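Before any comments, here is the structure.
Number of protein chains: 2
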Amino acid sequence: MRIRPSGQATLADVARAAGVSLATASRALNGGARVVGPDLRERIVEAARRLHYVPNAHAQALAGGTTATVGLVLHDISDPYFSAIARGVIAGAAEHGALVTVGTTFRSMERELEFVRTFRAQRADAIVLAGSGFEDADYRAAMHDELDLHRRAGGGCAVVSEHDLPVPAVLPDNREGAADLARALVEAGHRRFAVAGGPSCLTTVRHRIGGFLDAVAACGIPVDDVELLDHPFSEEGGRAAAHELLDRRSRATALFCVSDVMALGALDVLAAAGVAVPDDVSVAGFNDVPLMRRLVPAVSTVRLDLEAMGRCAMELASDPATADARTVRFPAEVVLRDSTAPPVRQEAP
Amino acid sequence: MRIRPSGQATLADVARAAGVSLATASRALNGGARVVGPDLRERIVEAARRLHYVPNAHAQALAGGTTATVGLVLHDISDPYFSAIARGVIAGAAEHGALVTVGTTFRSMERELEFVRTFRAQRADAIVLAGSGFEDADYRAAMHDELDLHRRAGGGCAVVSEHDLPVPAVLPDNREGAADLARALVEAGHRRFAVAGGPSCLTTVRHRIGGFLDAVAACGIPVDDVELLDHPFSEEGGRAAAHELLDRRSRATALFCVSDVMALGALDVLAAAGVAVPDDVSVAGFNDVPLMRRLVPAVSTVRLDLEAMGRCAMELASDPATADARTVRFPAEVVLRDSTAPPVRQEAP
DNA sequence: CTGTTAGCGCTTTCAC
DNA sequence: GTGAAAGCGCTAACAG
Numbered sequence: 090m091r092i093r094p095s096g097q098a099t100l101a102d103v104a105r106a107a108g109v110s111l112a113t114a115s116r117a118l119n120g121g122a123r124v125v126g127p128d129l130r131e132r133i134v135e136a137a138r139r140l141h142y143v144p145n146a147h148a149q150a151l152a153g154g155t156t157a158t159v160g161l162v163l164h165d166i167s168d169p170y171f172s173a174i175a176r177g178v179i180a181g182a183a184e185h186g187a188l189v190t191v192g193t194t195f196r197s198m199e200r201e202l203e204f205v206r207t208f209r210a211q212r213a214d215a216i217v218l219a220g221s222g223f224e225d226a227d228y229r230a231a232m233h234d235e236l237d238l239h240r241r242a243g244g245g246c247a248v249v250s251e252h253d254l255p256v257p258a259v260l261p262d263n264r265e266g267a268a269d270l271a272r273a274l275v276e277a278g279h280r281r282f283a284v285a286g287g288p289s290c291l292t293t294v295r296h297r298i299g300g301f302l303d304a305v306a307a308c309g310i311p312v313d314d315v316e317l318l319d320h321p322f323s324e325e326g327g328r329a330a331a332h333e334l335l336d337r338r339s340r341a342t343a344l345f346c347v348s349d350v351m352a353l354g355a356l357d358v359l360a361a362a363g364v365a366v367p368d369d370v371s372v373a374g375f376n377d378v379p380l381m382r383r384l385v386p387a388v389s390t391v392r393l394d395l396e397a398m399g400r401c402a403m404e405l406a407s408d409p410a411t412a413d414a415r416t417v418r419f420p421a422e423v424v425l426r427d428s429t430a431p432p433v434r435q436e437a438p
Numbered sequence: 090m091r092i093r094p095s096g097q098a099t100l101a102d103v104a105r106a107a108g109v110s111l112a113t114a115s116r117a118l119n120g121g122a123r124v125v126g127p128d129l130r131e132r133i134v135e136a137a138r139r140l141h142y143v144p145n146a147h148a149q150a151l152a153g154g155t156t157a158t159v160g161l162v163l164h165d166i167s168d169p170y171f172s173a174i175a176r177g178v179i180a181g182a183a184e185h186g187a188l189v190t191v192g193t194t195f196r197s198m199e200r201e202l203e204f205v206r207t208f209r210a211q212r213a214d215a216i217v218l219a220g221s222g223f224e225d226a227d228y229r230a231a232m233h234d235e236l237d238l239h240r241r242a243g244g245g246c247a248v249v250s251e252h253d254l255p256v257p258a259v260l261p262d263n264r265e266g267a268a269d270l271a272r273a274l275v276e277a278g279h280r281r282f283a284v285a286g287g288p289s290c291l292t293t294v295r296h297r298i299g300g301f302l303d304a305v306a307a308c309g310i311p312v313d314d315v316e317l318l319d320h321p322f323s324e325e326g327g328r329a330a331a332h333e334l335l336d337r338r339s340r341a342t343a344l345f346c347v348s349d350v351m352a353l354g355a356l357d358v359l360a361a362a363g364v365a366v367p368d369d370v371s372v373a374g375f376n377d378v379p380l381m382r383r384l385v386p387a388v389s390t391v392r393l394d395l396e397a398m399g400r401c402a403m404e405l406a407s408d409p410a411t412a413d414a415r416t417v418r419f420p421a422e423v424v425l426r427d428s429t430a431p432p433v434r435q436e437a438p
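For the protein sequence lines, the chains are A and B, in the order given. Take the first sequence: its position 244, counting from 1, is numbered 333 in the working numbering, and each next residue is one higher. Take the second sequence: its position 174, counting from 1, is numbered 263 in the working numbering, and each next residue is one higher.
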């Protein structure tokens, strides 16, 4: 971008115009306490208005003030999962009078680290990581260092989802939620499952699949019989998973997609292929993103209060009392809707 | 938020550790050109790494560097309309190596102005206004001043949607799109319309309603017969509009909601009331937000390439050649889906 | 209450 | 090439 020719009124200009000292002007305009005589204050404020004075936030920050800025790292702002979390973070920040800077990574570990570094450079008051963690030792070590440095410098931080990092975390009950869903499905009579999951380097994915499989196993169903469809953690990935399901003429009666967005993609493909949901196959997602209940059939899923999670993360990241690695669990609640039903197709083994 | 105890390695520390001057360290680390001897450069970079040096963005900005920051003002990040635009803006900014700071206004003119002021304080390279403009003289005057000052200080800016401000603008064809939709509906045989619109202080709303009514009139249908449902520009508003429609036992055969989100609310209420769409009443929205085509019935609407619009706004705001008030129109394309059909109910006058 | 005086951490002329 | 020095605009001790 371009260089900025100053041309802005500075505090010094205001002070001069009002015939007071720089310090007084500073106190009157940006200092909180009313330690300035009302008469002077008036004059200064008036001068400031006349000159269209706007404080230079960088100078303020540099001089030891506050930045009132929080950095938010997420995968993609137009993904409803993240925009809901972002809404919570932004709302929480607003209550602190802070603004949120958003970095979108599109699931790149490198970009994620880079954003954290940038936020550090900006001396963000707080940094919130909203995406799932990666199961990668180097990444984790690097992120650990980065956040550690940030906190040592007085900054706060928090993560949403498991990151296996010693920082405050908002932990959705991924494991339990997926397990509950599995149990509900088994109870409904399902025995043959397919699971559409994103790359296993994502902690969230691992936990959801893990919880699901454990519960299935606990119900006495051989885990090996569960078909694992390994595709990207995205709508496109959901599409691919459905295609695979179709191609291999799967006999699964229920498909668990580890995220709603994947379920969306899968449902699209299934519908196009003339596969009836839930009659031919039940489909469930995870997150309960707003639109899931509006689709036909309404999609069964596991509800997470995304906005509250974002808000909570913001709170954890800004609360000095949270300097230690505190953790807040968020319950995941199974929501059975029309996309799941007892299996109607009874097949012979 | 809290005061930040420094505790960070500074450039001076790095310079000392590497045994060079501050200036040299600066050039080696943050200066672009390779004007530093490779040997020294190496030593400096090494020292920086060892000390976990992160440049202080505020100091850089203050010392005359660039901020690489753009401020984005919008209504609500979790509204798919805005999150799509935001995605475009963020992507565009990323190409410039800039980060986006998001201010959400929830349609408050005051908050909007306040955010612009804050972005000015942050010396944002560019400011993008994504919400609809308000039809309010005071607001417009204030915003005009604010943006003017910002541009005079060398900053760029752009607005999405009509704001009647002398700044670069991305203009969706609201008027034409709504008119096209009206014509399509009339062609399908509709004669009795209802229009669910948000507060008329929003320019976007006025234009869409205006375009719709004009076209209807041009088709020889008395505009006075069109029922105007004046409710908030939100899903809740759409709900209210549908309730009103129901309460007054409207005879309209087609309901035009000025935004998809309103249509969403209206459809929900209609469905709950047992009103069949499109058999009892056709419903159309505006924007073609991602989920509209996934609903059942798929919702007719007017498509806008939201992400491209966001990207374009970012471009306009960052391009110095755009210092004058340039304008880019975006076509709005009618997309007829299953929620609209010829009226089946023929009523006697 | 108000004014003076130092910096905050960095970029940038200028000299060398 | 590299170093020395002068700010960028503001806040925060200190004095008065």
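For each residue, glycine too, the CB sits at the ideal point set by N, CA and C. Note that this is a predicted model, so its numbers are computed, not measured.
Item: Relative to chain B, which residues along the region 153-172 of chain A have a C-beta separation below 9 angstroms, given in chain order?; Value: Gly153, Gly154, Thr155, Thr156, Ala157, Thr158, Val159, Gly160, Leu161, Asp165, Ile166, Ser167, Asp168, Pro169, Phe171, Ser172
Item: Quick check on the DSSP output: the alpha helix (DSSP H) that includes aspartate 237 of chain A runs from which residue to which?; Value: 226-241
Item: Quick one: does proline 144 of chain A have its CB under 9 angstroms from some CB of chain B?; Value: yes
Item: What does the alpha-carbon distance come out to for the pair arginine 340 of chain A and arginine 281 of chain A?; Value: 7 angstroms
Item: So for alanine 330 of chain A, helix, strand or coil by DSSP?; Value: helix
Item: What span of residues does the alpha helix (DSSP H) with histidine 416 of chain A cover, start to end?; Value: Checking the sequence, you will find threonine at residue 416 of chain A rather than histidine. No alpha helix (DSSP H) holds threonine 416 of chain A; the beta strand (DSSP E) holding it covers 416-419.
Item: In chain B, what lies closer than 8 angstroms to glycine 192 of chain A by C-beta?; Value: Leu188
Item: Is cysteine 246 of chain B helix, strand or coil by DSSP?; Value: strand
Item: Which residues bound the beta strand (DSSP E) around arginine 338 of chain A?; Value: Run containing arginine 338 of chain A: none; DSSP gives neither H nor E here.
Item: Taking a Cβ distance cut-off of 7 angstroms, strictly less, list which residues of the region 378-396 of chain A are near chain B, in chain order.; Value: Leu380, Arg383, Leu384, Val385
Item: If we ignore side chains and look at the alpha-carbon of each, how far apart do arginine 418 of chain B and histidine 252 of chain B end up?; Value: 14 angstroms
Item: Cβ atoms of leucine 188 of chain A and phenylalanine 248 of chain B: under 9 angstroms apart, would you say?; Value: It is worth fixing the name first, because residue 248 of chain B is valine in this sequence and not phenylalanine. Cβ atoms of valine 248 of chain B and leucine 188 of chain A: not closer than 9 angstroms.
Item: Please decide whether leucine 151 of chain A counts as near chain B, where near means a Cβ-Cβ distance under 9 angstroms.; Value: yes
Item: In angstroms, rounded to a whole number, what distance separates the CA positions of arginine 241 of chain A and histidine 141 of chain B?; Value: 12 angstroms
Item: Taking 9 angstroms as the CB-CB limit, is phenylalanine 204 of chain B close to chain A?; Value: yes
Item: Could you please give the first and the last residue of the uninterrupted alpha helix (DSSP H) stretch that includes arginine 176 of chain A?; Value: 169-184
Item: So for proline 379 of chain A, helix, strand or coil by DSSP?; Value: helix
Item: Would isoleucine 92 of chain A count as contacting chain B if we go by Cβ distances under 9 angstroms?; Value: Only weak support is given to the placement of isoleucine 92 of chain A: the predicted model assigns it a pLDDT of 33, under 50, and the question is left unresolved by the model.
Item: Can you look up arginine 426 of chain A in the DSSP assignment and give me helix, strand or coil?; Value: coil
Item: Methionine 90 of chain B to alanine 98 of chain A, Cα distance in whole Å?; Value: For methionine 90 of chain B, the predicted model reports a pLDDT of 37, less than 50, meaning its position is unreliable; a value from the coordinates is still stated below. Each residue's alpha carbon lies about 27 angstroms from the other.
Item: Is serine 348 of chain B near serine 172 of chain A, with beta carbons less than 9 angstroms apart?; Value: no
Item: Checking contacts by CB at 9 angstroms: is alanine 273 of chain B closer than that to chain A?; Value: no
Item: Could you say if the region 389-403 of chain A and the region 257-267 of chain A meet the contact criterion of at least three C-beta pairs nearer than 8 angstroms?; Value: yes
Item: Valine 162 of chain B and glycine 220 of chain B look like a contact to me (Cβ under 8 angstroms); what is the Cβ gap, rounded to whole Å?; Value: 7 angstroms
Item: Three or more C-beta pairs under 8 angstroms: does that hold for the region 265-275 of chain B against the region 327-347 of chain B?; Value: yes
Item: Taking arginine 392 of chain A as part of the beta strand (DSSP E), name the residues at either end of that continuous run.; Value: 390-392
Item: Identify the continuous beta strand (DSSP E) that holds serine 197 of chain B and give its terminal residues.; Value: It is not in any beta strand (DSSP E) - serine 197 of chain B carries neither H nor E in the DSSP assignment.
Item: Grouping DSSP H, G and I as helix and E and B as strand, with all else coil, what is aspartate 128 of chain B?; Value: helix
Item: Taking all protein chains shown into account, decide if alanine 361 of chain A is buried (16 or more other Cβ within 10 angstroms of its Cβ) or exposed.; Value: exposed
Item: Hey, quick one: how far does the alpha helix (DSSP H) through leucine 140 of chain B stretch, first residue to last?; Value: From DSSP, leucine 140 of chain B is part of no alpha helix (DSSP H); its letter is neither H nor E.
Item: Are the CB atoms of histidine 233 of chain B and proline 255 of chain B nearer to each other than 9 angstroms?; Value: yes
Item: Within 9 angstroms (strictly less), CB to CB, does aspartate 427 of chain B reach chain A?; Value: no
Item: Below 8 angstroms between beta carbons is the criterion; list the residues of the region 295-308 of chain B that meet it against any residue of chain A, in chain order.; Value: none
Item: Might you give, ordered along the chain, the residues of its own chain that have their beta carbon closer than 6 angstroms to the beta carbon of glutamate 324 of chain A, omitting 5 neighbours on each side?; Value: Val350, Leu353, Gly354
Item: Can a CB atom of chain B be found closer than 9 angstroms to the CB of aspartate 369 of chain A?; Value: no
Item: Looking only at its chain, what residues have a beta carbon closer than 7 angstroms to the beta carbon of glutamate 404 of chain A, apart from the 5 residues adjacent to it on each side?; Value: Gly181
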